[in-house]
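Numbering-wise, my numbering puts 323 at position 323 of the sequence shown, and it's gapless, one number per residue. Using N, Cα and C, we set each Cβ at its ideal position, and we do this for glycine too. None of the values given here were measured: they were computed from a predicted structure. These notes concern the structure reproduced below.
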Amino acid sequence: MKQLFGYIVILCSIPILLLIGNAAWKEMAKAEQYEQLIKRSIELPEVTSTSPITLYDANSKIFSEEYTEWSQPLALEEIPEIAKQLFIYSEDESFYQHIGFDVSAIARALIANKSEQSIQQGGSTITQQLVRMRYLTTDKTYERKLMELFYAYEIEKSFSKDEIFKMYLNEMYFSNQVYGIGAAATYYFNRPLSKLSIAEIAFISAIPNNPSLYDPIVHFENTKSRQERLIDKLTEHRVITADEANTFKNEPIQLNIKQKAQQYPSYSTFVLQELKWLIAEQTGYREKIDNTSDKLEKEFLQLELQKKTEAILRQGLHVYTALQPDKQRQDEAAINQILPKTDLQASATIIDNETREVISIFGGKNYRKYDLHRAFQSPRQPGSAFKPISVFAPYFEETSATPYSIVNGGPYCVGNFCPNNYGRIWYNNITVETAFKNSINTSALRLFNSIGVDTAFRYINRFNFESIIEKDRTFAAALGGLTYGVTSLEMADAYSSFIDGYYLPVHSIRKVTDLTGETIFSWSHKREEIWSASTTKTMRSLLNETVATGTGRGLYSSSGYIGAKTGTTNEFKDYWVAGLTNDYTAAVWIGYDQPRSMEAIERAKIHFSIFNAITE
Numbered sequence: 001m002k003q004l005f006g007y008i009v010i011l012c013s014i015p016i017l018l019l020i021g022n023a024a025w026k027e028m029a030k031a032e033q034y035e036q037l038i039k040r041s042i043e044l045p046e047v048t049s050t051s052p053i054t055l056y057d058a059n060s061k062i063f064s065e066e067y068t069e070w071s072q073p074l075a076l077e078e079i080p081e082i083a084k085q086l087f088i089y090s091e092d093e094s095f096y097q098h099i100g101f102d103v104s105a106i107a108r109a110l111i112a113n114k115s116e117q118s119i120q121q122g123g124s125t126i127t128q129q130l131v132r133m134r135y136l137t138t139d140k141t142y143e144r145k146l147m148e149l150f151y152a153y154e155i156e157k158s159f160s161k162d163e164i165f166k167m168y169l170n171e172m173y174f175s176n177q178v179y180g181i182g183a184a185a186t187y188y189f190n191r192p193l194s195k196l197s198i199a200e201i202a203f204i205s206a207i208p209n210n211p212s213l214y215d216p217i218v219h220f221e222n223t224k225s226r227q228e229r230l231i232d233k234l235t236e237h238r239v240i241t242a243d244e245a246n247t248f249k250n251e252p253i254q255l256n257i258k259q260k261a262q263q264y265p266s267y268s269t270f271v272l273q274e275l276k277w278l279i280a281e282q283t284g285y286r287e288k289i290d291n292t293s294d295k296l297e298k299e300f301l302q303l304e305l306q307k308k309t310e311a312i313l314r315q316g317l318h319v320y321t322a323l324q325p326d327k328q329r330q331d332e333a334a335i336n337q338i339l340p341k342t343d344l345q346a347s348a349t350i351i352d353n354e355t356r357e358v359i360s361i362f363g364g365k366n367y368r369k370y371d372l373h374r375a376f377q378s379p380r381q382p383g384s385a386f387k388p389i390s391v392f393a394p395y396f397e398e399t400s401a402t403p404y405s406i407v408n409g410g411p412y413c414v415g416n417f418c419p420n421n422y423g424r425i426w427y428n429n430i431t432v433e434t435a436f437k438n439s440i441n442t443s444a445l446r447l448f449n450s451i452g453v454d455t456a457f458r459y460i461n462r463f464n465f466e467s468i469i470e471k472d473r474t475f476a477a478a479l480g481g482l483t484y485g486v487t488s489l490e491m492a493d494a495y496s497s498f499i500d501g502y503y504l505p506v507h508s509i510r511k512v513t514d515l516t517g518e519t520i521f522s523w524s525h526k527r528e529e530i531w532s533a534s535t536t537k538t539m540r541s542l543l544n545e546t547v548a549t550g551t552g553r554g555l556y557s558s559s560g561y562i563g564a565k566t567g568t569t570n571e572f573k574d575y576w577v578a579g580l581t582n583d584y585t586a587a588v589w590i591g592y593d594q595p596r597s598m599e600a601i602e603r604a605k606i607h608f609s610i611f612n613a614i615t616e
C-alpha cells in the first residue's frame, strides 16, 4: 500500500512541478526512463575514512596534502540527541512522517518561484538532500528536481528512516573539504563529537545549510549568528529553556583547526581538477560521455564517473607534478604587486617549452583555496589574441601565401557580420605581416573566409579548447568572438604548438601512484604535428615582428627570442597577451570578474608588465 501510494503521489506531483511549462506530458513520458536510470544507479555504500592525496613538486617535495576530511561513520546512537534535534527542527520537521519528499513544501516552493524557470526555493527533505549529495548536481532545474523525487522515493523504500538519517549526518558537507558531523568535530575543534559542548555542536551544525556563507574559518560571525538561530529552534520546541539558550549563546567558541600542508593554492587547486580530468580520460568515461547524445544517459555516465572518481580519491594517492616552487612564488608575488589595489583581476598560465608542463599558474589576485580559478574556470573573450590559432596559422598551412602576400584592409562583410578595425581606420592593400602585427580585423576576416569556417575549425578543434562549443562555428570566431570565450590555460596550451609545430596537451601532473608507489595514472606523451616547419617558422617570425613593431611593443625577453599577440575585446573589457620566449610559453588575461570597461587603465599596459615578469 505504501509503495502504491508513493507512486500515486509522484505521478500527481509531476504536473505541479511542471506547472509553469508546457512540457508536462513530455516529462511524464520520461518517467519510465528515470526509473530505469535510478534502478541502475541506486546504491548507498557505507562511507569509509579516506587517505590523503599528497602533492609533490618537481623536486619530489611535498607542497600540499589534499584530503577530504572523513571520520569513520558514527552509529546513530553515538550521535548526541541534541545534534539530531538541531537538524530535524531546522531542515525537515516531518522527516519521520513523509515518504521521501513533502508535496506541500514543493508546492510552496513552486508558488514562490512561479515566475522563474529554475528552482530558487527547494522544499527539500533530508532524504532529498542525501540524494543530491550522493547522486545529483545542485543545478536548480525542474528536470533535476523531478529526478530527485524518484531517487528519494526509491531510497525510502530501500532503507529505514534511521538508516537514512545516519547516512545524512555522516555525509553532509561542512565546508573546507570536511564531510560528516564526526569529521567536523575533529577538524574544527580537534575533539570527538561526544566531547563537544551543546554550544559547539550547534556551531558546527550551522555550517551545512550554506557551507560557503557559514564557513567558520572565513565567516565566523555568520556561523555564530546561525548557531544562535539554531539554539532558538531548540527553545521553540522546548528542548531547552530560554535561560539555557542564553547560556549556550554566550559560551565562547574557540576553534582549533586541524592543520595540513597547504602551499601554493593556485597550483594545487588546478592539480586536483586535472586529476579528475586524468581519471575521466583513463577510465574511459570521457570518451563515453563525449560520444553520448542522450541527455539522461550522459547524466548517468557523469554520476558513474563521479562515484568512480570519489572511490579512487578515497584510497589515497601520491601526485607528482611539474610545479617549480620558486617560480610559482615569484610569479604570484610579481602579479599581485603589479595589479592595482582595486577589484581588477588576472589569470596567467606558464608552460616550460622543453617539457610542455604547466610549471606555474595564477588563478587570481590573493587567491585562496577553491576560490574561482580564473586560469581554467573563467573563460573570457580572447579578441585578436585568438587570430594566430583561428586565422593565420591555418591560412599559411592551407595556402602558399607568405607574410608578404597582399590582403585588403578595407571594409568587409560576410553576411551580416561587418567588423570594424581599431579606431575605425581602413586600409587599402597591405601585406599579411602588416595585417597581423597591427591586428587589422577586416584583413583577418578576409583570410578566414578564404579558407572557410570548416577548415579553420579543423585546426582549432585539435586543441583542448573545452570552452568552445558547436555554435561558435561562425565567422565571428576569426576575431575571437566566442559564446563563452577561452581561458589562459587553453590559450597557453594552443600557443605551445608554435614552439616547434608539434602539439602535446599541457599538464601539471607527471604521474599518480597509489600508496605502495605503483603508478596508476599518467598522461600520454604522444605528440602530434599541427603546423608544418614552414608555417611554424612564419608564425614565430610574425609573433616576433608584432613585439618589435606592432601591437606588442613594450614586451621584451632576455632569453633571445620573444613572440606574442595581444587581444583587446569590445569596450576594453578584456586584455590579453599570449606568446612565447625561448624558455616559456604563457598567456595572460586581465579584466574584472563582472566585465566592464578598462579604457581608463589602457595606457598602463598591466598585462604587458605581467607577461614580462612571468616569462623572465
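In this structure, DSSP gives His-318 an extended state, which the three-state scheme calls strand.
When the alpha-carbon of Gly-100 is set against those of Met-133, Leu-149, Ser-64, the nearest one is in Leu-149. The Cβ neighbour count for Ala-444, taken over all protein chains shown within 10 Å, is at least 16; the residue is labelled buried.
Asp-343 and Tyr-173 have their alpha carbons spaced roughly 30 Å apart. Pro-394 is the residue among Gly-316, Leu-169, Pro-394, Glu-571 whose C-alpha sits nearest the C-alpha of Tyr-459. DSSP, read as helix, strand or coil, puts Ser-266 in helix. Around the CB of Gln-128, 16 or more other CB atoms lie within 10 Å, so the residue is classed as buried.
Under the three-state reduction of DSSP output, Lys-387 falls in the helix class. Its chain contains Phe-475, Ala-476 as the residues whose beta carbon lies nearer than 7 Å to that of Phe-417, once the 5 sequence neighbours on both sides are disregarded; these appear in chain order. In the three-state DSSP reduction, His-237 falls in the coil class, being neither helix nor strand.
Scanning the region 269-341 from its first residue to its last, the whole beta strand (DSSP E) runs of 3-plus residues come out as 317-321. About 5 Å separates the CB atoms of Val-319 and Leu-55; that is less than 8 Å, so the two are in contact. Per DSSP, the unbroken alpha helix (DSSP H) holding Lys-161 starts and ends at 161-171. Taking the C-beta atoms as reference points, Ser-557 is found no nearer than 9 Å to Glu-518. Excluding five sequence positions before and after Glu-599, the CB atoms of its chain that fall closer than 7 Å to its own CB belong to Phe-572, given in chain order. With 16 or more other Cβ atoms from the protein chains shown falling within 10 Å of its own Cβ, Arg-226 counts as buried. By the C-beta density criterion, Gly-452 is exposed, having fewer than 16 other C-beta atoms within 10 angstroms. Per DSSP, the continuous beta strand (DSSP E) segment holding Asp-352 begins and ends at 345-352. In its chain, beyond the 5 residues on either side, Ala-202, Ala-245, Phe-248, Lys-249 have a beta carbon closer than 7 Å to the beta carbon of Ile-231. Counting along the chain, Lys-471 sits inside no alpha helix (DSSP H), nor does DSSP assign it H or E at all. Per the C-alpha coordinates, the member of Gly-552, Val-358, Ile-425, Lys-605 positioned closest to Ser-384 is Gly-552. At least 9 Å separates the beta-carbon of Ile-350 from that of Ala-494. Each residue's CA atom was taken as its position, placing Pro-73 and Asn-170 some 6 Å apart. Membership of Arg-510 in the beta strand (DSSP E) is indicated by the continuous run 509-513.
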